[in-house]
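When you read off a place in the sequence shown, starting at 1, and then add 67, the result is the number in my numbering. Positions of the beta carbon are idealized from the N, C-alpha and C atoms, including for glycine.
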Amino acid sequence: MKHAPLVLYEAESRGEQKDLWALNYVSESVEQLTGHPPNDFLGENPKRYLYQMIHPSDRRRVGAEYDRCRAMLSPIFMTYRIKHREQGYIWVEERTNFIRQDSEHIVCLGSLVDTHAPVRIEKHNARLDKVLARLNADVAVATGQDFIEHLCRRLALLLDCRQVSLFQVNDDQHLDCLVSILDGLMQPCYSMRLTDSLLAPLASQSHLVKSLTAADRHQWPILDTMVHLEAFRLDNRRGRWVGILVIDHDEPLEVDSALFRVLELYTERAVTEIERLGLEGRLQESEARYRAFFETAVQASMIVDLQGRVININRSAASLFGVSDELDGLQLPSILPDHQPEGYETWPAFLAFIEQASDAKARQSQWQLQTLGGSVRTMVVHSFRVSGNLTEGVMLSFDDISDRLSAEASLREQHQLMNRRQQRLRGLVDVATRLERQSSVRDFLVSSCTALTQKVGLSQVACYQPDSEFWYASSLKPELRTHFQEHSEPLQQALATRHISWGSDTSQWFYVPLVVDNQAVAGLAILGDDLILNDLDFLSMLAQTLNLSFDNLMQRKNLRNQAMHDSLTGLGNRSQLHQWISQTLGQQPDQSASLLLFDLNRFKEINDTLGHHFGDRLLCEIGPRIQRMLEWRTSHNIARLGGDEFAVLLPDVSQQEALAVAERMALCLREPYQIDAMQLQVEASIGLAHYPDQGQDGHELLRCADVAMYAAKANNESVVVFDSHLDAHTPQRIAVLSELEVAIGAGQLWVAYQPIISAATGGVAGFEGLVRWQHPELGPLSPAEFIPLAEMGQGIRLITRFVLEQCMAQIVHWRRKHPDRYVAVNLSARVLLDQALPGQIGQLLAKYNLPGSALVLELTESTLLSDPVRAITIINQLAGLGVGVEVDDFGTGYSSLAYLKSLPIQALKIDKSFIDDLLVDSQDRVIVESTITMAHNLGLKTVGEGVENEATFHELVRLGIDSLQGYYFARPLAAADMTEWLDDYHRSLEW
68 MKHAPLVLYE
78 AESRGEQKDL
88 WALNYVSESV
98 EQLTGHPPND
108 FLGENPKRYL
118 YQMIHPSDRR
128 RVGAEYDRCR
138 AMLSPIFMTY
148 RIKHREQGYI
158 WVEERTNFIR
168 QDSEHIVCLG
178 SLVDTHAPVR
188 IEKHNARLDK
198 VLARLNADVA
208 VATGQDFIEH
218 LCRRLALLLD
228 CRQVSLFQVN
238 DDQHLDCLVS
248 ILDGLMQPCY
258 SMRLTDSLLA
268 PLASQSHLVK
278 SLTAADRHQW
288 PILDTMVHLE
298 AFRLDNRRGR
308 WVGILVIDHD
318 EPLEVDSALF
328 RVLELYTERA
338 VTEIERLGLE
348 GRLQESEARY
358 RAFFETAVQA
368 SMIVDLQGRV
378 ININRSAASL
388 FGVSDELDGL
398 QLPSILPDHQ
408 PEGYETWPAF
418 LAFIEQASDA
428 KARQSQWQLQ
438 TLGGSVRTMV
448 VHSFRVSGNL
458 TEGVMLSFDD
468 ISDRLSAEAS
478 LREQHQLMNR
488 RQQRLRGLVD
498 VATRLERQSS
508 VRDFLVSSCT
518 ALTQKVGLSQ
528 VACYQPDSEF
538 WYASSLKPEL
548 RTHFQEHSEP
558 LQQALATRHI
568 SWGSDTSQWF
578 YVPLVVDNQA
588 VAGLAILGDD
598 LILNDLDFLS
608 MLAQTLNLSF
618 DNLMQRKNLR
628 NQAMHDSLTG
638 LGNRSQLHQW
648 ISQTLGQQPD
658 QSASLLLFDL
668 NRFKEINDTL
678 GHHFGDRLLC
688 EIGPRIQRML
698 EWRTSHNIAR
708 LGGDEFAVLL
718 PDVSQQEALA
728 VAERMALCLR
738 EPYQIDAMQL
748 QVEASIGLAH
758 YPDQGQDGHE
768 LLRCADVAMY
778 AAKANNESVV
788 VFDSHLDAHT
798 PQRIAVLSEL
808 EVAIGAGQLW
818 VAYQPIISAA
828 TGGVAGFEGL
838 VRWQHPELGP
848 LSPAEFIPLA
858 EMGQGIRLIT
868 RFVLEQCMAQ
878 IVHWRRKHPD
888 RYVAVNLSAR
898 VLLDQALPGQ
908 IGQLLAKYNL
918 PGSALVLELT
928 ESTLLSDPVR
938 AITIINQLAG
948 LGVGVEVDDF
958 GTGYSSLAYL
968 KSLPIQALKI
978 DKSFIDDLLV
988 DSQDRVIVES
998 TITMAHNLGL
1008 KTVGEGVENE
1018 ATFHELVRLG
1028 IDSLQGYYFA
1038 RPLAAADMTE
1048 WLDDYHRSLE
1058 W
């Protein structure tokens, strides 16, 4: 057929001209029939309409026939002339069927055949018309399963195939066969998994063509001996997959485009019917579930019509009302009493309640109903209008609330008692909160009495503390306040037994002891009422709350005492001292007061010699001795700050009075202490700071007193009053220290050089580099003003690094003419003991291409002995670099001479203090001379510092000194000035 001169088309009426039907589809053979391509006839606004190409003489007859057949949905068969573009008018034969898609749309399926076509084409068209007509007649009135069966039968006939099947797809996983026609016979329906079937590829494609193998037929036996399968995926308008149309045959089908269009049209209707079958199935399942739920529901329910007749009743309702299994055993009026408690008749009101039921929202109302046995019950009835395939009416569900109402009545009886108890429990919480804020036992007792009456609502509460015979009573009515004599005996009994006790049989008093560490410290007498006396839980909670709060008070006191007192001596500690100072100065800010700070000299020797237990006993004697000397009743204002350091606050005294007290205290503390059979004697160094001149708070006073105390210790004095010149940590000096790093970066630090003269040649052997600071605000600062502060932190490392860098850079220039010259730099203990020092110096020597002999490091005796082991290790590493080491200020320290032979030292620098009086002090002469001799005997050289005149110079040379340094030769000068001095000095030597 696909080669026959047959034109197939699908058309529908659009637009304003109803006769000009637009083509939705037309076969390619239309070009053979009309001489125009198919696209000319397609689209919303086509170039041509078939109707316009009909011969004018035939057009009126054809239009009338169209109108008649379209109105009656009857087929068309007629001949007329149509114009060919080249051949002129030719006779055609038209066969058309009209199909109504919905109330507004009609589609026609038709064919045009050239009357000169072969006879076999006419027969085929006749058969096609017949099948289409039957198919149209079958599906016009059929729906649901009938439609699907008719469709499959007609498609099998139309397509001349052996088998047509239609499947419903469920959840994209299961296939349910709705109809299967094999060789004209209906086959049993079956189900299968999509993934296990030959149709699985349709999950991702719309059309499947497959040549069947023996394995395929074995997997799907219903295929019999067929060899060809063609399947179409059926989707609804929302794109959801709902079904599959399967066509099977013994040989491949030849289906032209016209038949494919027929399939498209009727499979759309098949999709609708498949969805309808699914909906009906779900409705039947829902009805079954509803029926099962209704019958087995725990909720008592029945269905009645609007006249009150019982249609159905479930088992729970039958049990509730005492109905037998027979439905006829219950009539609605039989469970309705004549009247409701409010007085109105039950039946009319209940019938109105049924009539008002809605299917949108359940209504509920409370009723008194009765069982068939006559028992009256209170129930909440819910009404909801229901409708379904099997039921129509109003569903009534019943909640029997009789037992609940009875329980609620019982609960209401307890409501007031519970409210009162809750109020008292909340009051008890408030009492506990208030008691947690108390700081003394007496405050606790008084607060307990007032809080229990005011917060808990107890009519009378009294308290008693036996140690102080303290008694206090609180009452809601002051005129009824009780007295101690009434409760003396039961209170004593409660305190003795440490348990709650009761008064006489007729009395409502009970007594609660307050117990700490198994000892009754105080007790409370409480007048109870019926609610309290019958509530043992509340009584126990009351006693526990009072005792727990009291125990917390005692723990807070103990913790406060521990936090504020020294555990060894019992004196106040540092925190307590600051609190005393704050309280004293806060109460009277305009007073004058003093703080004495002292420690015991040589106390460490006692600890090391006699043991710490002797030292501890000695420390315990200090507080009482000061207390007796000051004639104070308590140790208030006397504190131990740690170790052997104590402080005494003297409020409201002048500085002269405080100084007198300090001197008396020094004498008092100097008196011997008798510890067992041993008599010990120690002295104290006392520092005194006065408020407000030397501090506005405890921290500042303590710092100033600490400075004065160490000044007293350093000067071997008993008492020293703070003075600002004693303070090495003034804000100005601290500020200088904080500016050190900025000063290095800003170029404020510079290095001065002083020459070192060889005694043998008179030439310049080397230089000593000395750091200087030109402060932008404070002016020139000597090393003594900032080096000690820098040694307290990392600043000394910054300074040393700066000086080494400057000195090495400069000595490079001075060694060009005299390659043996060196530069000497002083090192502190903090810098020397840095493990990284040898590596850093090695890097600097390499940077400036200098040998180690170009650098000499000067160390004091104290620096060497601060950590001898590490010092020896690092000095040996420096010696390995060739760097020289000299001992600076030799003779001023307190050390052994053993390090002179254990360290790679090359020279000793004799301190200026021995050089100054060399010519007038015989002892200094002996020290200098013996030092030179000892050094030479050890293979060391000597350098004399502080040479300021010619006579001293000549004397040192006569004694055998190796090198000299001092103002006699030159003061420390900047590098440029030192270069000029060198030129002048060399010229003087030549002269």
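Check, Outcome
"How big is the Cα-Cα spacing for Lys968 and Ser661?", "53 Å"
"Leaving out five residues on either side along the sequence, give the residues of the same chain with a beta carbon under 7 Å from the beta carbon of Pro739.", "Gln746, Leu747, Gln748"
"Taking the alpha-carbon of Leu922 as reference, which of Phe957, Ile811, Gln873 has the nearest alpha-carbon?", "Gln873"
"Give the secondary structure of Gly460 by DSSP, where H, G and I count as helix, E and B as strand, and everything else as coil.", "strand"
"Looking at the unbroken alpha helix (DSSP H) that takes in His217, where does it start and where does it end?", "211 to 226"
"Opposite Asn277 in the DSSP bridges: which residues?", "One detail in the question is off: residue 277 reads as Lys in this sequence, not Asn. Answer is Leu296."
"On the three-state DSSP scale, how would you describe Ser997?", "helix"
"How many Å lie between Leu495 and Leu685 at the Cα?", "50 Å"
"Going by C-alpha distance, which of Glu844, Leu865, Pro918 is nearest Val879?", "Pro918"
"Within the continuous beta strand (DSSP E) that includes Thr940, where are the two ends?", "Unbroken run through Thr940 is the alpha helix (DSSP H), 935 to 947; no beta strand (DSSP E)."
"Tell me whether Thr182 sits in a helix, a strand or coil according to DSSP, three-state version.", "coil"
"What would DSSP say about Pro113, mapped onto helix, strand or coil?", "coil"
"Would the region 764 to 782 count as touching the region 685 to 705 if we require 3 or more Cβ pairs under 8 Å?", "no"
"Looking at Tyr578: is its Cβ nearer than 9 Å to the Cβ of Gln552?", "no"
"Pull up the distance between the alpha-carbon of Phe537 and that of Ser515, whole angstroms please.", "14 Å"
"Nearest by alpha-carbon distance to Thr998: which of Thr1009, Asp302, Ser506 is it?", "Thr1009"
"Using a threshold of 9 Å, state whether the C-beta atoms of Gln433 and Ile468 are closer than that.", "yes"
"Considering only the beta carbon of each residue, do Ile753 and Leu638 sit closer than 9 Å?", "no"
"Output the distance between the C-alpha atoms of Ile157 and Arg137, rounded to the nearest integer angstrom.", "25 Å"
"So, is Ser450 buried or exposed, given that buried needs 16 or more other C-beta atoms within 10 angstroms?", "buried"
"Residues in its own chain within less than 6 Å of Tyr1052 by CB, not counting five upstream and five downstream?", "none"
"Does DSSP put Cys175 in a helix, in a strand, or in coil?", "strand"
"Hey, Val246 and Leu290: beta-carbon distance below 9 Å or not?", "no"
"If you reduce the DSSP assignment to three classes, tell me which class Ile1028 lands in.", "coil"
"Please say whether Ala810 and Leu47 have beta carbons closer to each other than 9 Å?", "This structure cannot settle anything about residue 47, because the visible part of the chain is limited to 68 through 1058."
"So which of Phe165, Glu556, Glu342 has the shortest CA-CA distance to Val174?", "Phe165"
"Considering Gly765, what are the terminal residues of the alpha helix (DSSP H) in which it resides?", "765 to 781"
"Return the CA-CA distance between Leu261 and Leu242, expressed in angstroms with no decimal places.", "6 Å"
"Considering only residues of the region 614 to 681, which uninterrupted alpha helix (DSSP H) runs meet the minimum length of 4 residues and lie entirely inside it, listed in chain order?", "641 to 654, 670 to 677"
"For the region 108 to 116 against the region 134 to 148, are there 3 or more C-beta pairs whose distance is under 8 Å?", "no"
"Roughly how many angstroms lie between the CA atoms of Met631 and Met732, to the nearest whole one?", "24 Å"
"Which runs of the alpha helix (DSSP H) fall wholly inside the region 106 to 158 and span at least 4 residues, in chain order?", "123 to 139"
"Under 7 Å Cβ to Cβ from Leu1049, same chain only, skipping five residues before and after it: list those, please.", "Val831"
"Is there at least one Cβ from chain B nearer than 9 Å to Trp414's Cβ?", "No chain B appears in this structure, which consists of one protein chain only."
"Return the first residue and the last residue of the beta strand (DSSP E) that Cys244 is part of.", "241 to 249"
"In angstroms with no decimal places, state the Cα-to-Cα distance between Arg167 and Ala337.", "15 Å"
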